[in-house]
Every structure is written in structure tokens, then in C-alpha cells.
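J.: Below: one structure in C-alpha cells.
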Amino acid sequence: MSKKAADLLAALTLEEKALLCTGATPWLTVTVERLGLNSITVTDGPHGLRRLVDIERMRSESYPATCFPVAAALSASWNVDLLHEMGQRWVLMPSNSSRMYR
0 MSKKAADLLA
10 ALTLEEKALL
20 CTGATPWLTV
30 TVERLGLNSI
40 TVTDGPHGLR
50 RLVDIERMRS
60 ESYPATCFPV
70 AAALSASWNV
80 DLLHEMGQRW
90 VLMPSNSSRM
100 YR
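Numbering that gives the first Met the number 0 applies: residue 0 is where the sequence shown begins, and numbers increase by one.
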């Protein structure tokens, strides 16, 4: 861990650490103004990125997202070329574009 990260972690109160684990909303982390930590937008999807169009509304429409097989299934294939191809496709998907982040 970098010194900067260790110092930041030491400066956080227990309550702030808990809030960072739970988030301000399902799609936003909390802001810790006294330490200069801004809220960030997160996404959902261990099998591909998914993001709501309106992150302020829980039941908002989602942007289209690709669902890849779970990691256990991929690793069981022993197909390194397939994993490489999946990684290339994942980073090029429109759901990974800058429009997803504030």
C-alpha cells in the first residue's frame, strides 16, 4: 500500500470507513469533504458492466450491457485465447465509455 493510501486510511474515522463500504446511494460512494474525497459513480455487474441511465432513481432504465460467463466457468475452459478475446471485447464495449462516469 502506498504511503498516501495508508495515511488516508488512518485519517478516516470508523464511521467514514463504514460509509465508504455502503455508499451514499446504490450507484454513488459517499463524499468525505474534510479529506477531499469526492463521490464517485460505481457500476454493477460481475459479468459485464451495467449502469442505470438515471443513477438517482433506483428503478431507472439501464444502458445496454453485455453479460459474460462467470469467472468459474471461464477458468474451467482453460482457454486463454478466449479469455484474451473476451477482455478485448470488454474494454471496447460502449458501456465502458466516458458517458458512464461523472
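C-beta: ideal position from N, C-alpha, C; glycine also. All of these numbers come straight from a predicted model, not from anything done at the bench.
Please report the straight-line C-alpha distance between R98 and C20, rounded to a whole angstrom.
T.: Locating residue 98 in the sequence shown gives position 99, counting from the first residue. Locating residue 20 in the sequence shown gives position 21, counting from the first residue. Any answer about R98 is weak, because its pLDDT of 46 lies below 50 and its placement is not dependable; what the coordinates show is given next. Cα to Cα, R98 sits roughly 24 Å from C20.
J.: Suppose you measure from the CA of T24 to the CA of W77; what does that come to, to the nearest Å?
T.: Mapped onto the sequence shown, residue 24 falls at position 25. Mapped onto the sequence shown, residue 77 falls at position 78. Taking the straight line joining both Cα atoms gives about 38 Å.
J.: Is the separation between the beta-carbon of L34 and that of L7 shorter than 9 Å?
T.: Start at 1 with the first residue of the sequence shown, and residue 34 comes out as number 35. Start at 1 with the first residue of the sequence shown, and residue 7 comes out as number 8. Contact: yes.
J.: Output the distance between the C-alpha atoms of Y62 and T42, rounded to the nearest integer angstrom.
T.: Taking the first residue of the sequence shown as 1, we reach residue 62 at position 63. Taking the first residue of the sequence shown as 1, we reach residue 42 at position 43. Each residue's alpha carbon lies about 11 Å from the other.
J.: Mapping DSSP to helix, strand and coil, what is V52?
T.: Position 53 of the sequence shown, counting from 1, holds the residue named residue 52. If DSSP states are grouped into helix, strand and coil, V52 belongs with coil.
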